[in-house]
Every structure is written in structure tokens, then in C-alpha cells.
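What follows is one structure encoded as C-alpha cells, with my remarks underneath.
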Amino acid sequence: MAMEQDEILRTPAVWHPGDAREAWRLKEAFGPAGVYVAGGTLLRTQWEAGVAEPPAHLIDLTAIAGAGEVEMDGEEAALGALVPLSVCRSHPAILARYPLLAEAARVIAAPSVRNLATIGGNVVSRVGDALPALLALSAQLVWQAGPEPHACSLADWLERERRAPTPASGVLVQIRLPVPPDDTTSNAARFFAYHKVGRREAFMPSLVTVALTGRIGADGAVEEIRVAAGGGQTVPYRLDASEAALRGQTPDGKTLAAFQACVEEEYEPKPDLFATEAYRKRAAANLAAAAVWQAARDAAAGRKG
Amino acid sequence: MLLNRTTSGSRWRTRPDGPGKVTGGLSYLTDLSLPGMLHGLVLRSPHPHAAIVSIDASKAMALPGVLAVLTYADVPGLNRFGIARPDQPVFCEDRVRYIGDAVAAVAAETPEIAVLALRAIEVAYEPLPVVDDPERALLPDSPLVHPEGNVLHRNDYRTADVAPGFAAAAHIVEETYVTPRQMHTYMETEGGLFVPEADGRLAVYSATQHGFMDRMQLARILGRPEADIRVVSSPIGGSFGGKDELNVQPYGALLALATGKPVKVHHSRWESVRAGLKRHPMKIRMKTGVDANGRLLAHEVEIVADKGPYATLGAEVLNFAVEHVIGPYRYDAVDVKSVNVYTNNGMSGEFRGFGGNQAIFALEGQMDRLADKLGMDPWAFRRLNLRKTDDAGPLGQPIAVTAGASQVWEALAESELWRSGTGRGSAGSGPGIGATGGKSAGHDGSGEEGIGLAAARVEAKTASDRGQATAGTPAPPWIRRGVGASFVMHGAGLGVGIPDPAGGRLRLAADGKIDAVFGYEEFGQGLIASLEQMLIEQFGFAAEDVRIVIGDTDVVPDSGSSTASRSTSMMWQSLRRLRGPFAGKLIAAASAALAMPADRLRVGAGGIRDADGGELLLPYAALAAATAKAPVIAETRFEFPRSPVDRVGAHFLYTYSAVAVAVEVNLLTGRVRVADQYHTVAAGPVVNPQGFLGQIEGGSGMALGFSLTEDAVMSGGHYLTENLDTYLIPTVAELGGTFEVEPIETLPEGDEYGPRGIGEVGSVGLAPAIASAVYRAVGKRVNRLPIDPALLQETDGWY
Ligand SMILES: Cc1cc2nc3c(=O)[nH]c(=O)nc-3n(C[C@H](O)[C@H](O)[C@H](O)COP(=O)(O)OP(=O)(O)OC[C@H]3O[C@@H](n4cnc5c(N)ncnc54)[C@H](O)[C@@H]3O)c2cc1C
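Here it is, written out as C-alpha cells:
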């Protein structure tokens, strides 16, 4: 009893490492008793719901030098893992280059939560609503999971986690995004779409998320297409087969129907109390097909005008 | 004329409690604390149904910082509560019947120690079979929630045999309607501060809708005289019926008396979900027949309501539903059967609309379906069957005569929204599902698609937040718009057979303020604002002259409960009764003080004024000083007007309303968006324009949740939606469409009842109107709320 009383009455110790390596070292030292905290928004919902107890040690990542910065150069963008979602939603350079990410951030939680919540926390949660957008943007992750940082692709990491979730020991330091090619001089039309479906219009957990980016060529064919889907407790992933079904095709009724059927087949969402697997599959397939339909229409209008 | 800020002119006033509420400056009762106060927590059952084998509190009691651990053995008086029928245990003795049932309570020095103490109480349970389906609970072999059986209340109403009507009917519609377990979701969860006073009395600072009812029940539980208890109950951060029954009060009171120290109790959201009341989930089966001309011949109804474990006002809610499934229409024969069934699910009880929401969703659904079968415009079909002005009420009872029914019918028919194209059974202005060759899965395809099915592509007025429709450009083809309507006749007051007192007091206080003293509660509905406005407009006082005194049993008279859309109506009637006597006494006193004839004086802003010129002759403070020995005071007591019949629950005063709504259905996701709303309400004069609008808008917001997002889902007696991240109430994104309110203020010559209640009616009509609009958008009938998007999703036909 006395033990338990102490447990309940104490508050976690909070550590403020100044760089990622130190943060990782602390985590190594504490093991499961140490938990990284960024915005703390997801952690608090877990404590509130009783699915996790507050740990003995919180390793606060907000003091890590540079982790809250957005850097851009000609080849890529580097988003610090501690960049808040409110910044992802409104940063001029992100809005200009990665409107898909800005759109995803726009529909996560609500303003007060977005001010605290970080993009890194969203990624590390493995089911964050920003993930399909980051997948469609071919994001790379930079981790500090040892003395030296290393990079891997978001898609690979998520794929591994989807198959066999591992308790993360490393610090996510950065998210790197390649710069989209500049095709303002060509006749091709770039498009993007991000959809989040929930049980109300705003401030809700997702049932389905879908992100697409692509390019319609001067001849009206789909030259490039990337589609990713997630939502709820589904770990998001790229829909490779669906992409292949559309790539190089002219999106007429028949191709779109085939693409839609392919998404419905390839996307395997986890059902819950609130929506069946069938509903989620149809929603993702419908939204993806409708986005391509709209893009083709806009591209055709653009070629005319 | 539409009611809004512009049309209200100078009658649009800033509500007195508004600034404090929007700035957060106002302290609610759950914000109160005292030095040295203890923290109270209640141990609730982990099982929906179980026998209690033993309770051992010794370990909890031994914890440092724990001052009291109470169980049923510590209740000095009646170990039960409940307004209508005290059957809910304060602490369970040998049986728990839902997961909110209380077994013990602790008071400790800190909230953390209180949590520990709860964990240290050892209760041995023997789980019993869980009764979680009201229909199965009625079967002879069902386990029993109570030894007397699983039926709380049955109420049948029959005017004649319905069989001949069905035999003669040209069309019959048979449908079963299912409504959700809606949660009140007040922002302020239940709580309060309980203070043993130096003089041995107990002060209770905790929200309720009827302070004197709480005082009576607490006295019964504590085994003390009512006079030893003071209940302070306003301001309240929302109630909607949910704080009508006792909740934390018995525990706070018992703990405070046991420890002799102030005790604070305040539910977390989860505890509020777990222990609190919800709207009764109902399953309503209806069979209704019409002749070839559209006349209603027979109407047969069966209502099964899920009561949960204890009575609350479940019988009264069921009675209300019986009255409202008959509603505003004439039938040759009506046969209603109803039952409210005990289960081990969450506790159902009082909730804004009081059974009318469920009943009218079903009834209006029938009217729409029948009109379709007849090939008639649904609104014209309603008119054909509407009760006439002098007709009796739904239960054949005499009711106060108004032209409200036909007035709201006509107002809606003329409204821009209803006429905006799709309303009058006109052919659709764009392709519907059928026209685009899509399939309408789930629709019974009974050949009615053509009738009034107007699924227009939307020329969206506002950009939807998903960018699906941007200003000026046509909406994408997967967005389908439809306009629907519904009709509401809603009773106010508690009805025949239930004590329904009313009254209040006006007094010139020693400091010169005019005290308006009423036993009503302010829970956000704007009662203070409405009372102030009536005092200004009816008496000529200035806002600064008056002080509103409510929510304290030590100082207010018993004005009856703040429920059943009755408070504003009763305040208006009270002031009408008090106007002559109170103004007369003020003037008589002023006449004596000023040595001037009474007919040269009048009551006005700031004090007594010259009847002709209007100059201020005697400020109220001076008048108060002059009358210090015999203060000016006037009081009234009366009963809410009731119908002279012997039918328990039958109402006498009714509010009429008609609602039109435009929805947009997204075929990709099946989600419904409410775009535009029009509500016309015939409820007599508008006492307070801002309050009126607020009640209709706010009520409609709740109805929107009831229709589209809200359901406290349970499985095996356990809540699966434990917090507001899964129980979803509408946000500003849902409530963003246009909203028009058109009050109809005229009452018949000689009507003495004045403004009718509007506190509930706004929450009733939207759901059936949405269902009707969805049908007009996509040709599918909705019979279950909240609407399941999977029903409306289409995999093709939308591009
Ligand atoms: C009310 C509310 C609504 C929400 N709505 C949404 C929503 O709509 N969509 C959505 O996707 N999410 C939602 N969330 C969840 C959460 O807010 C977001 O996922 C957010 O982005 C998490 O970021 P954070 O910085 O707060 O993470 P934290 O809570 O600090 O951490 C989350 C997890 O990631 C780990 N972690 C955080 N940063 C790092 C890092 N740099 N390296 C390694 N591990 C790390 C933590 O140890 C923890 O396990 C909501 C949360 C709340 C409270």
C-alpha cells in the first residue's frame, strides 16, 4: 500500500536535454521508465484514458537545439521534429511548397492543441493524421537512435512498424521532404488532395485519411501519382498497386473505376465501434477517385484556358 | 418578421451575465473553494449488475489524510433519492444495477489521497446477468433488474379500434424508428461545495433545477429538518434536464456532516458520463393508414424506452412521448401502447424535449412517408390533417386555444428556404440519384423516387470547409442538396396530476434596489436577462434599479422547478399579477413621503416620477429610507395553468413550430451537412429577443447532434464512449449555416397566458426535418439516429 501511495502521489521527474544525443542517452539510462515528451498532447490523452500511466521520467525534447526550426534549400526541406502543427499549417514556405502537409495539419485537432502538438509527435504516434501527407511527399526521417544520427524513409519505417511494432528508443530529430520539381514552364498540371473523414466536421479523431499528389501531363494522362491512406488506428501506407493502376493512364470513367476498385482492395483499415471496414474502404476509394477526377477536370480546363 | 439583432432594435440587450461568462470572469459553484476543505470522491460499481457480498473500508480509513469513508450504514435518513419516486440508493446495500451506482464515498485532504482511498476500499461482488436490451428485458425469462419486475411504467391511449381504419386505408406506412442515448454534455460537470455552518446548518452550493426539491430530498436523506439546509444553486454551467435529479449532493452533504469540514465534490467528465442521466433511447414502431384523399384513418404506435436502473422522471417522459406521438394531427382512430423498461444500461431521465424529440422524429417520419405514397406534397398533406383551432389536444383534452398550428404552417410554406426550389414537391432542378443512373442501395425502391425527389446539384452559397464547394462555383457532383421540413406541437408545464406551483416576489430593498426574487435557476438559458427585460419593459424601471435574486432557498420563494419550458412563462405571469399591487404600493408610499396625490405619480427609471412631466421626484433609495419600517413588498403564488381532465401528464399550453432545413449529402463519405435552417415558432410575445433566438439556435444545435453525431454507445452495460473524444457534440463547423427564426407573437383576443415556453421546442423539430431533407437529396429514408453515413455512401453515379 505504502508503495502504491508513493507512486500515485509523486509527479514525474522532467529532464531537459539540450541536444538529441543527450536525450537518447537519458532514454538509454531510464529504459521503459523514461518517456520522450514533445507537445505532450497525445501522452495526456493516454494518461487520461488510463491506457498509460505517467512515467517516472519525462524527457522533454523542446530544449533540443534547432529541433523547432523549418529549413529550406533548393533540394529539400528539413522540418525539425518539434515544429508545432500550427506552424506546419501556416508557415509561408510550407504553404507554398507543401500545401498537402499544411492541409493535413489544418484538420488535426483544434487550434489550442495544434499550438502544443508537434509534427514529430504526430509521426512517432504511427497513426497521426499528418502521416499520409508525409508519405505522399516521400518524407525521410532523421533519428538519433545511437551516438550518431541516421536517416531512413518514412515509408520503410512505417511498413516495419505496421508489421511488428517496436517500442521506439530513438529521438526523431528531423523530417526531410524533397523539393517538388519546378514545372511551372511545362504544360503538366500538378495536383494534390488531402481528406480526413471523421464522425463530425472538425476536431475529431479520423476514421479515414487519404493523401494524393500527382501530375497530369499535357496529353491528359496521369504522369505521376502517389497515394497514401490511413485513419483511426490504421498505420498509414502507400497504395503501390493502386498507383500503378493509374500511372500512365488517361483518367476516364473506366480507368477511374479500376483505380477506385484497386484502392478499395488495397487499403486495409482497422474497423472499430464507429465505422466498419467496408465503410472505410469505400470512403478512401471514393475520395481518391474523386480527387483524380477533379484533377483531370481542372487540368483539362487549364489546358483550354 | 425574422427575429435578429437588426429587427429587434433597442429590445436587443446585452445579457447581464454575458460578459462574465464569455470572459471567464464568472465563478460557478464548482469554482468555489474554502481553506481547509476536503475532497470527496464516490466509489462506483465496476459492474452493470452484481450482488454486493461485502464492503471493507478499513484499509481506506487507515490511510493518512483520509477523514471519512461512508457506506449505506452511514446514511441517517432515507437511503434513496429520486424526484418522482425515490428508488435510487444513495449507497447500494446488496445490489448494484448500473456502472454509475454508488457503493461508498470518501473525504480526504487532497484529491490524490481520495483516489488512493477509493482504491483501498475492498468490495466483493458477485456479477449477475446483465439486462442490456429493453425488449429482451420484457421477455418472461429475462433476469430481473428489480424484484417487482422490469417495467417501470406502461401508458396506453386508445380512442377507437384501429383495425377498420387499416382495412379501409388506401395506403399504410409501417416503420420502426430508433433514437440514440443522447448526453446533455453541459460544460460544467456535476459538482459543488458542501459547508457545515457554525450554527449547525448545512450550506449546499451545487447546481439543480429546483432548489427546494433538493432541500426536501437532502433533508430526507440526512434525517434533518429542511430548515437546517440551505441550497444555493445558481449560476449553473448548463443543465438541460441533466441536473434536475440529485447527483453529487447526497455525498457532499453526508461527507461534510461526517467530517465537520467543507467538502468539495466535482465529477470528472468520465464520472459524469458514467453516473449521469441521458436521453431515453426509444424504439418507436408506427403503423399509420390514410384514405385515398390523404385523410388519416388509423394510427397505431408502440414505444419501448430504455430506462436504465432507476425511475427518475421516466414515467413522465414516457407519458410525454405518448402525447406527442399523436401530436398535432386528427385521426379517426388512435391506439398507442408504451412501456419504459428497467435495464442495467446507463441511467435515462429528464432531457430537454422530454420524450418529444423521439416521438416527433417518428411521427413526422410517418407523415413524410404517407405523403409520398399519396403523391402529395408533404407540407400540404400535413395541413389536410392538422387539428383545427378549436380542436382538443392530442389526448382529447381541452387546451388553450391559439391559431399557432395554422400560423406556423403558413409561415413555413411562405419561407424562402422551403420555397427555394425543392420544397413544394416541384421536380428536382438537377439530377437525383435515379437520374444519374446511380444505384440507391438500401432504399426499398418502392417506386416513389419521382415524387418531390429533388436532388439538385448545389450552387453553394458558402465555401464548405473541405473545399468541396467554393463560392460561386458549382458544387462537385457528389454533393446533393435537399430541403425538408417538420411540424412540432410541444406541451409546456408538468401537466395534469403533478404539482406545478409558480410565483415570485418583488421588494424594495433597504439599499433602494428593486429585488425581483424568484425560485428559478439560471443555467445558461438567459433567465436573468429575460427577467430584467420584463421588469424594464413592464414597470419602466432602469436596469440599474433592479436586482435579481434567485437560486438560494434561504431567500427565494418556491416558484416551482425551472423545467418543462415553464420559467419565463411563469415569471411573466407573476409580474403581471404583481404589477398592480407592487406599483400601487410604491406609489402609495411615495405619495405619503412626498405629500403628493398618488395620481400625480408614476413608477419610472431611477425612482418615482411626475406622472405628466416625468421629472424624478423621489429616487428609490430615498423611498426605501422612507419605508424602512414597513418595506414595500408584493408576492404572488399560483399554479401553472392545466387542462381540466383526468389524464396524467396532459398539457394545456402548447408551443407550435415548423422547421425547414437544407442539407448537403456527400455521396463519397455519406456524411450529411446541415446548410441552412428556418424555424418559425408560435409562442406568444417575445419577452427577450436575444434569449428567444439563443434558445432556438441552441436547441437546434442539440438536435443537430442528436441527428448526426451524438450517441452514448453501450455494450453489455458499459459505456464505450467515455469522454468527449468519442462522444461527439457539434462544433462551430457543424453549426455554421444560415439560421432564420420567425416568431409568431399574436395570441387570440383575451388570452391570459402570455408567452409560451420556448426552452425545449428548438431541440425537437430539426431531426425529422433533416431526415426529410436527406430523402429529398438522395432518395433514402432514415429511420435511425444518429444517421449512419454508411447508409448514404455511393460507390458510383457521382461523376
Ligand atoms: C484533443 C486532442 C485531439 C487530437 N486530435 C488529433 C487529430 O485529429 N489527429 C491526430 O493525428 N492526432 C490528434 N491528437 C493526437 C496528438 O495531439 C497529435 O498526434 C500530436 O501531433 C502529437 O504530438 P505531441 O508533440 O503532442 O506528442 P507527445 O504527446 O509529446 O508524444 C507522442 C508520442 O510520441 C513520442 N515522441 C514525441 N516526439 C518524439 C520525438 N521527437 N522522438 C521520439 N519520440 C517522440 C512520445 O514519447 C509519445 O509516445 C489529438 C490530441 C488531443 C489531445
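In order, the protein sequences belong to chains A and B. Okay, so the first sequence: first residue is 1 according to the UniProt record's numbering, each after it adds one. Okay, so the second sequence: first residue is 1 according to the UniProt record's numbering, each after it adds one. Each residue gets a CB set at the ideal place from its N, CA and C atoms; glycine is no exception. Quick caveat, the model's predicted, so the values are computed rather than measured.
- Within a 10 Å sphere around the beta-carbon of residue 500 of chain B sit 16 or more other beta-carbons, which makes this residue buried.
- A distance of 9 Å or more separates the beta carbons of residue 563 of chain B and residue 88 of chain B.
- Below the 9 Å Cβ cutoff, chain B contributes 465, 731, 732, 733 and 734 as neighbours of residue 202 of chain A, in chain order.
- Using a cutoff of 8 Å, the CB of residue 117 of chain A counts as near ligand 1, since one of the ligand's heavy atoms is closer than that.
- Residue contact with chain B for residue 53 of chain A: absent (no Cβ-Cβ distance below 9 Å to any residue of chain B).
- The DSSP assignment places 671-682 as complete runs of the beta strand (DSSP E) inside the segment 670-724 of chain B, in order along the chain (cut-off: 3 residues).
- According to DSSP, residue 283 of chain B shares a beta bridge with B/178 and B/304.
- Cβ neighbours of residue 129 of chain B within its own chain (closer than 6 Å, five residues either side excluded): 143.
- Classified as exposed, residue 35 of chain B has fewer than 16 neighbouring CB atoms from the shown chains inside 10 Å of its CB.
- With 16 or more neighbouring CB atoms inside 10 Å of its own CB, residue 92 of chain B falls in the buried class.
- Between residue 54 of chain A and residue 12 of chain A the beta-carbon gap is near 5 Å, inside 8 Å, which marks them as a contact.
- Among the bridge pairs identified by DSSP, residue 52 of chain B is matched with B/125.
- For the segment 264-289 of chain A, the set of positions with a beta-carbon nearer than 9 Å to some beta-carbon of chain B reads 264, 273, 274, 275, 276, 278, 279, 282, 283, 285, 286, 287 and 289 in chain order.
- For the pair residue 487 of chain B and residue 277 of chain A, the Cα-to-Cα distance works out to about 38 Å.
- Between residue 152 of chain B and residue 315 of chain B, the C-beta spacing is below 9 Å.
- Ranked by Cα distance from residue 5 of chain B, the options B/748, B/769 and B/741 are led by B/741.
- Cβ-Cβ distances below 8 Å link residue 790 of chain B to 670 in the same chain, with the five nearest sequence neighbours on each side left out; the list follows chain order.
- For residue 597 of chain B, the three-state secondary structure derived from DSSP is coil.
- In the DSSP assignment, residue 635 of chain B falls within the beta strand (DSSP E) that extends over 633-639.
- When the alpha-carbon of residue 241 of chain B is set against those of B/515, B/267, B/169 and B/347, the nearest one is in B/347.
- Residues of the segment 161-188 of chain B with a C-beta less than 9 Å from any C-beta of chain A: none at all.
- In this structure residue 158 of chain B is exposed. Its beta-carbon is surrounded by fewer than 16 other beta-carbon atoms within 10 angstroms.
- Against chain B, a Cβ distance below 9 Å from residue 47 of chain A picks out nothing, because the smallest value is about 12 Å.
- Straight-line spacing of the CA atoms in residue 229 of chain A and residue 239 of chain A works out to 7 Å.
- Interface annotation for the segment 716-730 of chain B against chain A: 720, 721, 722, 723, 725, 726, 728, 729 and 730, criterion Cβ-Cβ distance under 9 Å.
- No Cβ of chain B is located within less than 9 Å of the beta carbon of residue 227 of chain A.
- Taking CB atoms only, residue 738 of chain B has no neighbour in chain A less than 9 Å away.
- The beta carbon of residue 20 of chain A lies closer than 6 Å to those of 64, 144, 171 and 173 in the same chain, with the five residues before and after it left out.
- Around the beta carbon of residue 31 of chain A, fewer than 16 other beta carbons lie within 10 angstroms, which makes this residue exposed.
- Rounded to the nearest angstrom, the gap between the Cα atoms of residue 130 of chain A and residue 194 of chain A is 10 Å.
- For the pair residue 317 of chain B and residue 137 of chain B, the CB atoms are not nearer than the 9 Å cut-off.
- When distances are taken from the beta-carbon of residue 274 of chain A to the heavy atoms of ligand 1, even the shortest one reaches 8 Å or more.
- In the structure shown, the three-state DSSP call for residue 225 of chain A is strand.
- Ranking B/637, B/601 and B/599 by CA distance to the CA of residue 576 of chain B puts B/637 first.
- Taking C-beta atoms under 8 Å as the contact rule, residue 262 of chain A and residue 283 of chain A fail to qualify, at a distance of about 15 Å.
- Cα atoms of residue 11 of chain B and residue 686 of chain B: separation of roughly 10 Å, rounded to the nearest angstrom.
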